[in-house]
Structures are given as structure tokens and as C-alpha cells.
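J.: The structure's right below; bear with me while I get my questions together.
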Amino acid sequence: MEKRTGTAIIYIENRESAPQVNQILSQHAGIILCRMGFPKQNGNSIISLVLEGDTDEIGSLTGKLGRLNGIEVKSALLKSRNNEI
550 MEKRTGTAII
560 YIENRESAPQ
570 VNQILSQHAG
580 IILCRMGFPK
590 QNGNSIISLV
600 LEGDTDEIGS
610 LTGKLGRLNG
620 IEVKSALLKS
630 RNNEI
């Protein structure tokens, strides 16, 4: 399957879910190129990811995160051009 490059934004409203988020991210570390976290003063956090993997791998990551309580995740993937992304 062809690799795609994309991003995912994770909004953590419920800090009690943070350990589960980190566990899922660790399980998918092979497709994460960059991770940046932004803790907010109100107790919520945002994590931004740059990803590279096939659509099944990326879908597995975002799907598992999206099923957690207090977590919202959005992703966007680029169309590859000549497999050179």
C-alpha cells in the first residue's frame, strides 16, 4: 500500500485520558515523524502530529484516539505525487 504524508491534531479535553493517548501514540511511533504538544492553562491540551504511513496505519491511529473519552482528533492527508512525498 502506498505511503501518505499528513497531519493529525489531537484535542485533549479530559486529562485523565492522557496516559491512554500516550500509549496509543507509542504503539504507532513508526508512522510519527514529528510530535508537538501545547498544554493550555485551562487544563486542556493540543498535540500536533506529522505522520507518514499508509491509510490503514493512519486510520488505525486516529480511530483508536477518537474512541477515547474527552479526545477529539482531526486528520488531513496529502495526495502523493509519484511516491515522492
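For the sequence shown, the numbering used here begins at 550 and goes up steadily by one.
The beta-carbon is built from N, C-alpha and C at its ideal position, and this holds for glycine as well.
1) Quick one: using the 10 Å Cβ neighbour count with 16 as the cut-off for buried, is L614 buried or exposed?
2) If you count every other CB in all the chains shown that lies within 10 Å of the CB of I620, and 16 or more means buried, which is it?
3) Identify the residues that DSSP records as bridge partners of T611: which are they?
4) Could you give the DSSP three-state label for R616: helix, strand or coil?
5) What does a CB cutoff of less than 7 Å around G555 pick up in its chain, not counting 5 residues either side in sequence?
6) Can you tell me which of the three DSSP states G602 falls into?
T.: In brief:
1) Residue 614 sits at position 65 when you count from the first residue of the sequence shown. When all chains shown are included, L614 counts as buried.
2) Against the sequence shown, residue 620 aligns to sequence position 71. The residue is buried, with at least 16 neighbouring Cβ atoms inside 10 Å.
3) Position 62 of the sequence shown, counted from the first residue, corresponds to residue 611. Paired residue(s): none; T611 is not in a bridge.
4) By one-based count along the sequence shown, residue 616 stands at place 67. Three-state result, R616: coil.
5) Mapped onto the sequence shown, residue 555 falls at position 6. Closer than 7 Å at the Cβ level, and outside the excluded window around G555, lie L600, I607, S624, A625, L626 and L627.
6) The residue you call residue 602 lines up with position 53 of the sequence shown. Strand.
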